[in-house]
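Novice: There's a structure below that I have some questions on.
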Amino acid sequence: MSWGTELWDQFDNLEKHTQWGIDILEKYIKFVKERTEIELSYAKQLRNLSKKYQPKKNSKEEEEYRYTACKAFLSTLNEMNDYAGQHEVISENMTSQITMELARYVQELKQERKSHFHDGRKAQQHIETCWKQLESTKRRFERDCKEADRAQQYFEKMDADINVTKADVEKARQQAQTRHQMAEDSKGEYSSILQKFNHEQHEYYHTHIPNIFQKIQEMEERRIVRIGESVKTYAELDRQVIPIIGKCLDGIVKAAESIDPKNDSQLVIEAYKSGFEPPGDIEFEDYTQPMKRTVSDNSLSNSRGEGKSELKFGGKSKGKLWPFIKKNKSPKQQKEPLSHRFNEFMTSKPKIHCFRSLKRGGATPEDFSNLPPEQRRKKLQQRVDELNKEIQKEMDQRDAITKMKDVYLKNPQMGDPASLDQKLAEVSQNIEKLRLEAQKFEAWLAEVEGRLPARSEQARRQSGMYDVQNPQAVNNCAQDRESPDGSYTEEQSQESEVKVLATDFDDEFEDEEPLPAIGTCKALYTFEGQNEGTISVVEGETLYVIEEDKGDGWTRIRRNEDEEGYVPTSYVEVYLDKNAKGAKTYI
1114 MSWGTELWDQ FDNLEKHTQW GIDILEKYIK FVKERTEIEL SYAKQLRNLS KKYQPKKNSK
1174 EEEEYRYTAC KAFLSTLNEM NDYAGQHEVI SENMTSQITM ELARYVQELK QERKSHFHDG
1234 RKAQQHIETC WKQLESTKRR FERDCKEADR AQQYFEKMDA DINVTKADVE KARQQAQTRH
1294 QMAEDSKGEY SSILQKFNHE QHEYYHTHIP NIFQKIQEME ERRIVRIGES VKTYAELDRQ
1354 VIPIIGKCLD GIVKAAESID PKNDSQLVIE AYKSGFEPPG DIEFEDYTQP MKRTVSDNSL
1414 SNSRGEGKSE LKFGGKSKGK LWPFIKKNKS PKQQKEPLSH RFNEFMTSKP KIHCFRSLKR
1474 GGATPEDFSN LPPEQRRKKL QQRVDELNKE IQKEMDQRDA ITKMKDVYLK NPQMGDPASL
1534 DQKLAEVSQN IEKLRLEAQK FEAWLAEVEG RLPARSEQAR RQSGMYDVQN PQAVNNCAQD
1594 RESPDGSYTE EQSQESEVKV LATDFDDEFE DEEPLPAIGT CKALYTFEGQ NEGTISVVEG
1654 ETLYVIEEDK GDGWTRIRRN EDEEGYVPTS YVEVYLDKNA KGAKTYI
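Numbering-wise (our numbering), the sequence shown opens with residue 1114 and increments by one.
As structure tokens, this is what we get:
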């Protein structure tokens, strides 16, 4: 099967067919190019999508990704980013291995096709020239033969006519012979040209055209093979990234399988657990006996005495611990000597309370006493870990400076060892400060962990590298308390205790001016204040309001000069005096 033998007379059709083949190749190149653009656009959109849903640094969203479900979602975003990278690889490989290669091949193909058809047209022009020459020689031979026939007939006519002179007859005879000679010459030339044309025509149809068409056929077959290879490459480039894409998808599946609802539930507990114990049962109050509708001062004082006993010996109370606001005292009670108060402080667990607990809405205390116990423990543990890391960093720096100093001592030409003494002293001082700071936070942490309910060993976090040097430091910290808004305040160091001891107890505690009343309130329900800082009220009782609810659900009231404390805001109906200082106006 050869185009040269089978299609020897289809030169124009072959020219059109080969041009169509090049158009098909260019169309395929355009298709692959558009595919690469789609892949790049898809990869870009995937990356933007992944970036859009990535958690912002130092934001609340970043904290949410502690949960396994959120971690799985984050892994999905990262895997999609890698997935987008594989589509970029597809685009790059198709551009370099298909689009660019075929573009170069098309240019070469066009040049080769042009050369082959140029040779074919040249051969056509040559055979057409030979044909024209043959036709010209043939027509001349035909003309000379006719002229010779006419000259012969004229001679014969003149020779038969008796009236024609002998000279005219001779002239006609010579003319006829000349025409016959010219006809013979034309015949010989025609025969020669015809033989030559037949030879050229044979060469054209059996040698030149078959060779040219064979080359065109081979060119076209190479084009077809090249398209097939490109299509195969197109598929292989996609197939090459399938294992990596499969790994990306496997990563997503693995992330999905790592979701642990129990672990997420535990994280919710750790995030929001307050550390408080549930309230006890509410005692039944028999309103059929009028005696029980009054408040028993003995029961209130007994409950407070029990709370103090528990704080002294056990370190924690059965119920909530409320802040020490003001001792109930009689205005006729005489002051105790300062020396007696000091001795009492040294022989028992101190009851010195920091007034930061009374400041609502202020800055966050250093010991995180404004947080519930469990949340406070976590913050303290985090701070201890941070301080330990800083200490380790400073110790590494000190070791590096010490080694450098040893090198300077051994090789004085490298530097002056004395120049490092100041830096070494500064680092050592920083280490000591950080250790003291760590011990302070560890003391708070130990106190909080001692107050919280027992936890499993896995859940309990250790305090860090440095143990508390003085166990009594924990007991010497301020007594733990909780304000109505759930805040805790504690003294921060022994230094602060000394400062408190140096102050006048009578001035700070005994002689404190009572707060003015800013309104009145009526008890809607009976409330038994069994915890320190609270006060019992009876339904229908009218009392004075000295501090309104600050958003924590508790209102500070006073019954008389000796009794004041907090009650739940929902238990009383408040009537504020608009002219009172600090009172809000309610419309």
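Where is the CB? At the ideal position from N, CA and C, for every residue including glycine. No experiment lies behind these values; they were computed from the predicted model shown.
Between the C-alpha atoms of Arg-1160 and Leu-1493, what's the straight-line distance to the nearest angstrom?
Specialist: Approximately 39 Å between the Cα atoms of the pair.
Novice: Should Arg-1226 and Thr-1131 be called a contact, given that it needs their Cβ atoms to be closer than 8 Å?
Specialist: Contact flag set, yes.
Novice: By Cβ distance, which residues of its chain are closer than 8 Å to Ile-1544, with the 5 residues on each side in sequence left out?
Specialist: Excluding positions up to five away in sequence, the list reads Ile-1504, Glu-1507, Met-1508 and Arg-1511.
Novice: Could you give the uninterrupted runs of the alpha helix (DSSP H) lying entirely in the region 1368-1409, keeping only those of 4 residues or more?
Specialist: Whole alpha helix (DSSP H) segments, 4+ residues: 1374-1385.
Novice: Helix, strand or coil: how does DSSP classify Val-1687 here?
Specialist: Val-1687: strand per DSSP, three-state reduction.
Novice: In the DSSP assignment, the beta strand (DSSP E) including Arg-1671 goes from what residue to what residue?
Specialist: Where Arg-1671 is concerned, the enclosing beta strand (DSSP E) stretches over 1667-1671.
Novice: Grab the span of the alpha helix (DSSP H) containing Pro-1486 for me, first residue to last.
Specialist: 1486-1523 is the extent of the alpha helix (DSSP H) around Pro-1486.
Novice: What does DSSP give as the partner residue(s) for Val-1680 in the beta ladder?
Specialist: Val-1680 is bridged to Thr-1668.
Novice: Given a cut-off of 8 Å, decide if Arg-1490 and Ser-1482 are closer than it, judged by their beta-carbon atoms.
Specialist: No.
Novice: Please report the distance separating the alpha-carbon of Leu-1190 from that of Gln-1167.
Specialist: Computed Cα separation, rounded: 7 Å.
Novice: Could you round the C-beta distance between Tyr-1657 and Thr-1633 to whole angstroms and report it? I think they count as a contact, below 8 Å.
Specialist: Right, the Cβ-Cβ distance comes to about 6 Å (below 8 Å), so this counts as a contact.
Novice: The beta strand (DSSP E) that contains Val-1658, what's its start and end?
Specialist: Per DSSP, Val-1658 belongs to the beta strand (DSSP E) from 1655-1660.
Novice: Can you tell me whether Gln-1582 is buried or exposed? The criterion is at least 16 other CB atoms within 10 Å of its CB, across all chains shown.
Specialist: Model confidence at Gln-1582 stands at a pLDDT of 39, short of 50, so the residue's coordinates are unreliable and nothing is read from them.
Novice: Should Tyr-1317 be labelled buried (16 or more other beta-carbon atoms within 10 Å of its own) or exposed?
Specialist: So Tyr-1317 ends up on the buried side.
Novice: Since Gly-1117 is in the alpha helix (DSSP H), which residue starts that stretch and which ends it?
Specialist: Run containing Gly-1117: 1116-1119, per the alpha helix (DSSP H) assignment.
Novice: Between Val-1687 and Ala-1636, which are expected to be in contact by the criterion C-beta below 8 Å, what is the C-beta distance as a whole number of angstroms?
Specialist: Their Cβ separation, rounded to whole angstroms, is 11 Å, which puts Val-1687 and Ala-1636 out of contact at 8 Å.
Novice: Would a C-beta distance cut-off of 8 Å place Gly-1653 and Val-1680 closer than the cut-off?
Specialist: No, they are not a contact pair.
Novice: Quick one: grab the DSSP three-state call for Glu-1449.
Specialist: At Glu-1449 the pLDDT is 44, less than 50, meaning the model places this residue with poor confidence and gives no usable figure here.
Novice: In this structure, how does DSSP classify Lys-1635 when only helix, strand and coil are distinguished?
Specialist: Three-state result, Lys-1635: strand.
Novice: Measuring CB to CB, does Pro-1323 end up less than 8 Å from Gly-1117?
Specialist: Yes; because the gap between Cβ atoms is below 8 Å, this pair is in contact.
Novice: Within the 8 Å Cβ cut-off, does Asp-1665 reach chain B?
Specialist: Of the protein chains in this structure there is only one, and it is not chain B.
Novice: Which stretch, first to last residue, makes up the alpha helix (DSSP H) that contains Val-1277?
Specialist: First-last for Val-1277: undefined, no H or E at that position.
Novice: Look up Val-1650 in the DSSP assignment and give the residues it is bridged to.
Specialist: DSSP, once it has assigned bridges, lists Phe-1640 as partnering Val-1650.
Novice: Taking its Cβ as the centre, do 16 or more other Cβ atoms sit within 10 Å of Gln-1552, making it buried, or is it exposed?
Specialist: Buried is the call here.
Novice: Return yes when the Cβ of Ala-1264 is within less than 8 Å of the Cβ of Ala-1289, no when it is not.
Specialist: It is a contact, given that the beta carbons lie within the stated cut-off.
Novice: Would you mind giving the Cβ-Cβ distance between Gly-1364 and Ser-1188, rounded to the nearest angstrom? I have them listed as a contact below 8 Å.
Specialist: Yes, they are in contact, since the Cβ atoms of Gly-1364 and Ser-1188 sit about 6 Å apart, within 8 Å.
Novice: Under the assumption that Ser-1371 contacts Thr-1181 (Cβ atoms under 8 Å), give the Cβ distance between them as a whole number of angstroms.
Specialist: The Cβ separation is near 6 Å, so the contact holds.
Novice: Which residue wins for smallest C-alpha separation from Ala-1531, given the options Thr-1515, Phe-1254, Gly-1664 and Gln-1542?
Specialist: Out of Thr-1515, Phe-1254, Gly-1664 and Gln-1542, Thr-1515 has the C-alpha closest to the C-alpha of Ala-1531.
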